[in-house]
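Participant: Numbered according to numbering that gives the first Met the number 0, the sequence shown spans residues 0 to 291. A virtual CB, placed ideally from N, CA and C, is assigned to each residue, including glycine.
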Amino acid sequence: MKKYIYTKGEFVESTSTGIDIFSQSVHYGFGVFEGLRSYVTDNGVKIFKAKEHFERLMKSCEKIGIPFKRDVYELIRASYRLLELNKLDNAYIRPLVTTGRGMDLKINDVADITIMAWEWDFYNGNKLLNTCISSHRRSSPKTSPIDAKITGNYINSIIATTEATNNGYDDAIQLDERGFVAETPGANLFCEKDGKIYTPASSEYILAGITRATLIRIAKSFDIDVIEKDITPEEFKDADSAFLCSTAAEVVGIGSVDDVPYRLNFEDSVGATLQRAYKKLVLDKLSYEVII
Ligand code: PMP
0 MKKYIYTKGE
10 FVESTSTGID
20 IFSQSVHYGF
30 GVFEGLRSYV
40 TDNGVKIFKA
50 KEHFERLMKS
60 CEKIGIPFKR
70 DVYELIRASY
80 RLLELNKLDN
90 AYIRPLVTTG
100 RGMDLKINDV
110 ADITIMAWEW
120 DFYNGNKLLN
130 TCISSHRRSS
140 PKTSPIDAKI
150 TGNYINSIIA
160 TTEATNNGYD
170 DAIQLDERGF
180 VAETPGANLF
190 CEKDGKIYTP
200 ASSEYILAGI
210 TRATLIRIAK
220 SFDIDVIEKD
230 ITPEEFKDAD
240 SAFLCSTAAE
250 VVGIGSVDDV
260 PYRLNFEDSV
270 GATLQRAYKK
280 LVLDKLSYEV
290 II
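#1: If GLN23 and GLY99 are in contact, beta carbons under 8 angstroms, what's the gap, nearest whole angstrom?
#2: Go ahead and pull the three-state DSSP assignment for MET115.
#3: What residues are listed by DSSP as bridge partners for VAL225?
#4: Could you check whether the Cβ of GLU182 sits closer than 7 angstroms to any heavy atom belonging to the ligand PMP?
#5: Could you check which residue in GLU162, MET115, PRO184 has the C-alpha nearest to that of ARG137?
#6: Per DSSP, THR150 is paired with what?
#7: Using beta-carbon positions only, say whether ASP111 and THR97 come within less than 8 angstroms of one another.
#8: On the DSSP letters alone, give me the boundaries of the alpha helix (DSSP H) that LEU84 sits inside.
#9: GLU54 to VAL71, Cα distance in whole Å?
#10: For a test of the three-state rule: what should DSSP assign to GLY254, helix, strand or coil?
#11: Select from VAL180, SER201, ARG93, ASN165 the residue whose C-alpha is nearest the C-alpha of ILE132.
#12: I'd like to know whether the C-beta atoms of GLY34 and LEU128 end up nearer to each other than 8 angstroms.
#13: Against chain B, with Cβ distances strictly below 8 angstroms, would LEU285 count as a contact?
#14: Quick one: is the Cβ of SER332 within less than 7 angstroms of any heavy atom of the ligand PMP?
#15: Are the segment 260-267 and the segment 216-230 in contact at 8 angstroms, needing three or more beta carbon pairs?
#16: Using 7 angstroms as the cut-off, classify the Cβ of ALA186 as near or not near the heavy atoms of the ligand PMP, replying yes or no.
#17: I'd like to check one pair, GLY208 with SER240: are the Cβ atoms closer than 8 angstroms?
#18: For the beta strand (DSSP E) containing THR97, name the first residue and the last one.
#19: Identify the residues that DSSP records as bridge partners of SER240: which are they?
#20: Let me know the secondary structure DSSP gives TYR168 once reduced to three states.
#21: Roughly how many angstroms lie between the CA atoms of GLU182 and LEU188, to the nearest whole one?
#22: Pull up the distance between the alpha-carbon of THR306 and that of GLU234, whole angstroms please.
#23: Out of curiosity, what's the CA-to-CA distance linking GLU9 and VAL225?
#24: Take the Cβ of ASN177 as the centre, count every other Cβ of all protein chains shown within 10 Å, and call the residue buried at 16 or more, exposed below.
#25: Given that a residue counts as buried once 16 or more other Cβ atoms are within 10 Å of its Cβ, and exposed if not, what is THR14?
#26: Skipping 5 residues on each side, what residues in its chain have a beta carbon closer than 7 angstroms to that of LEU104?
#27: Between ARG80 and THR6, what straight-line distance do the alpha-carbon atoms span, to the nearest angstrom?
#28: Considering only the beta carbon of each residue, do LEU282 and THR130 sit closer than 8 angstroms?
Below is the structure:
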């Protein structure tokens, strides 16, 4: 079956991307991307938090000086059309903004967006993740912004993930440059202690995840205390339970850190309550804006 992508304002076969091989994005990781999920709801296929994701895309561009301004609704409509063309329903959608050539930001008036989509039906079962504290810290925000989805930032993510999986772990927990718990290579983190949940404060040290924000809202609606603060690795390990969250993975329980298991059965944790509530929310047609 032919695969289509959206690029330069048109739907074309994925084999003809037209992305410039000389572009800064290819050579230097100077680009911006997003990751969205679509779900089959009882009101058809819907893209969860589409507006928030495309707004974050623009903000990420702004943070590194890519002059990329588009109508968010035009990009949302293009994403829906792309799903239709590729006959996708439970899918992952990947918008990618690429830029021009050379080392100079001024040439970035040629920035353009390509949107790809592929099937995604992530189901982790009840498997909990065995994690390790990574020896690779998140990059310093003093060098370039890391609270944005910049392609080059993910060099650090790939190195940390590879180290973890080579050592037999499922995922890595990365610290920020100050030594506090930051995030995993591709998700935000929470831990639970005495019925309250803790998450690294939204700051220049983490990506302000859209799933993280959604879970904080759900937790507050359940009267669960959410505390955003700097968390040491010792505090994180000494919690009763922990979980990660992202658009792609949703909510996944963490079974252990550095081979030390959490005390609380994940099924009895606040994380499991939020996992169920999140799953319900993404399938609820009332969670979606009407896009025309
Ligand atoms: N942190 C990092 C480094 C990520 O790549 C992601 C995935 N985009 C997240 C957190 C979670 O963000 P979101 O919930 O918006 O997908």
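Facilitator: So, from the listed chains and residues:
#1: 6 angstroms
#2: strand
#3: ILE196
#4: yes
#5: PRO184
#6: Note: THR150 sits in no beta bridge, so no partner.
#7: yes
#8: 71-84
#9: 7 angstroms
#10: strand
#11: VAL180
#12: no
#13: The chain inventory of the structure shown lacks chain B, comprising one protein chain alone.
#14: Outside the shown range of the chain (0 to 291) lies residue 332, about which nothing can therefore be said.
#15: no
#16: yes
#17: no
#18: 90-97
#19: GLU191
#20: coil
#21: 6 angstroms
#22: The question about residue 306 has no answer here: the residues shown for the chain are numbered 0 through 291.
#23: 44 angstroms
#24: Strictly speaking, residue 177 in this sequence is Arg, with Asn absent from that position. By the 10 Å Cβ count, ARG177 comes out exposed.
#25: exposed
#26: GLY64
#27: 13 angstroms
#28: no
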